[in-house]
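Trainee: Okay, here's the structure, questions in a sec.
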Amino acid sequence: MDKRRIKVTVRGLVQGVSFRAAARGQAKALGVTGWVRNQPDGSVLLEAQGPVVSVERMLAWCRVGPPVAEVSGVDVQDLPVLDGEGDFAIRH
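Residue numbers (the working numbering): 70 to 161.
Right, dumping it as structure tokens:
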């Protein structure tokens, strides 16, 4: 199975709208591992890893976010796959 890992910066109204909790729920539903955290500039940063199709679905979700969010931009960077990661965490 081909895996992919991405680093995603999501900009817009993405803090204070439960973006991190919703991202964790989406990741768990898709079988994606990684982490998500708020950034000082108001953006949200996350890394997601898993089967290529699942990571692409996670990225598509990030472009919209939870219902209250207003995503204005998304930057994506491919990263090397990490071995041994088993969960999707909210980082502070």
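For glycine and all other residues, C-beta sits at the position ideal for the given N, C-alpha and C.
The model shown is predicted, which means the values in this text are computed figures rather than measured ones.
Within the continuous beta strand (DSSP E) that includes V105, where are the two ends?
Mentor: Position 36 of the sequence shown, counted from the start, is the residue given in the question as residue 105. Looking at the DSSP string, the run of the beta strand (DSSP E) that includes V105 is 102 to 107.
Trainee: What span of residues does the beta strand (DSSP E) with G94 cover, start to end?
Mentor: In the sequence shown, the residue the question calls residue 94 occupies position 25. Here G94 belongs to no beta strand (DSSP E); instead the alpha helix (DSSP H) covers 88 to 99.
Trainee: Mind the definition here: the stretch 133 to 147 touches the stretch 117 to 125 only if three or more C-beta pairs lie below 8 Å; say whether that holds.
Mentor: Touching, no, given that fewer than three Cβ pairs across the two stretches are closer than 8 Å.
Trainee: Where does A92 land, buried or exposed, given buried means 16+ other C-beta within 10 angstroms?
Mentor: In the sequence shown, the residue the question calls residue 92 occupies position 23. With 16 or more other Cβ atoms within 10 Å, it is buried.
Trainee: Taking the straight line between their C-alpha atoms, what separation do you get for R74 and D147?
Mentor: Counting from one through the sequence shown, the residue named residue 74 turns up at place 5. Counting from one through the sequence shown, the residue named residue 147 turns up at place 78. Using only the alpha carbons, I get a separation of about 6 Å.
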